[in-house]
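A.B. asks: Numbering (the UniProt record's numbering), first residue to last: 1 to 325. Cβ atoms here follow ideal geometry from the backbone N, Cα and C, with glycine treated the same way. Since this is a predicted model, take the numbers as computed values, not measurements. First the structure, which I've put down as structure tokens, then a few questions once you've had a look.
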């Protein structure tokens, strides 16, 4: 197979297209002929040496793919060779072949673009596990999505709207605020031009939002808690502004708020299987009827992985970048 390898941490140019032996599906796994792989910020961190793959998993980057099952490992009965699937991976997606646990597959019907489906597994599993399973977002509630046009944020906007929630999204600049509106956000806040806390207060008549999906972390902690309604939940899935911040306990307790912080990649297989199963039951029907769709900025050849990482680092991407295998 051909794959993108990382010999040592560094800039985008350490991503090298290499010929490697074909992987083999083990027990409970399937071998996928990859159509496309999603590019995530986690891949950039891995390339830089800050986010190593979990022990025993592929050293190759790439946390999600779409494609066609080429072979079944022992014990796999639910799937068959030739099935079109999207898969959540711990690594190995930047390749023409990838191995995935059978429990981390989602079906891709014929009327769903197979390449575009690569944009869905990581976002769907991250968003639903945080907002559906932990925060318990319900129809009629209000969600604040930071980075409402990013890979996670764009999916969160679509899913929450399909659920029946009201969505407030932050984005930076005219191009991204326009994109957030096109995705269906009820209120869009240009964080470069206005204070999101004041706008949330105005838009919710002083009540606040029921849940927040946050990718900023430290710099937004106190402001996020201020923007929460009583009994609200703050779900932190990234911390682009730094590793730590003081926690205002008084504000936290007055709001009776809860905070969760999660990553997906290193969770035990059983946990990821449960998340994928929940996504298949609760999110996938919305994908199949078109209310939730892949948001794809561009599709690049696998050999252009360095350019994909440069585009990701620029902050200009709306939705997901994909690498076509």
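Quick one: residues in its chain with C-beta nearer than 8 Å to the C-beta of residue 233, no 5 flanking neighbours on either side, listed in chain order?
C.D. replies: 134, 135, 136, 210, 211, 212, 257, 258, 259 and 260
A.B. asks: With DSSP run on the structure shown, which of helix, strand or coil describes residue 231?
C.D. replies: Here residue 231 sits in strand by DSSP.
A.B. asks: Under 7 Å Cβ to Cβ from residue 280, same chain only, skipping five residues before and after it: list those, please.
C.D. replies: Excluding positions up to five away in sequence, the list reads 106.
A.B. asks: Which word fits residue 254, buried or exposed, when buried means at least 16 other C-beta atoms lie within 10 angstroms of its C-beta?
C.D. replies: By the Cβ-count criterion, residue 254 is exposed, with fewer than 16 other Cβ atoms from all chains shown falling within 10 Å of its own Cβ.
A.B. asks: For the ligand SAM, is there a heavy atom less than 7 Å away from the beta-carbon of residue 42?
C.D. replies: This structure does not include the ligand SAM; it has no bound ligands of any sort.
A.B. asks: Determine, using beta carbons only, whether residue 1 and residue 95 come nearer to each other than 8 Å.
C.D. replies: yes
A.B. asks: Counting only the same chain and skipping the five closest in sequence on each side, list residues whose C-beta sits under 6 Å from that of residue 177.
C.D. replies: The residues 171, 188 and 190, in chain order, have a CB closer than 6 Å to that of residue 177 in the same chain once the five nearest residues on each side in sequence are set aside.
A.B. asks: In its own chain, which residues sit with a C-beta less than 8 Å from the C-beta of residue 131, not counting the 5 before and 5 after it?
C.D. replies: So the qualifying residues of the chain are 137, 143, 156, 159, 160, 211, 213 and 235.
A.B. asks: Count the other CB atoms, across all protein chains shown, that sit within 10 Å of the CB of residue 315; report buried if there are 16 or more and exposed otherwise.
C.D. replies: exposed
A.B. asks: With H, G and I counted as helix, E and B as strand and the rest as coil, what does DSSP make of residue 70?
C.D. replies: strand
A.B. asks: In chain order, which alpha helix (DSSP H) runs of at least 4 residues are fully inside the region 86-173?
C.D. replies: 121-127 and 151-163
A.B. asks: Going by DSSP, what residues sit across from residue 260 in a beta bridge?
C.D. replies: 235
A.B. asks: CA-CA distance, residue 197 and residue 223?
C.D. replies: 6 Å
A.B. asks: Which residues mark the beginning and the end of the alpha helix (DSSP H) in which residue 272 is found?
C.D. replies: Where residue 272 is concerned, the enclosing alpha helix (DSSP H) stretches over 269-282.
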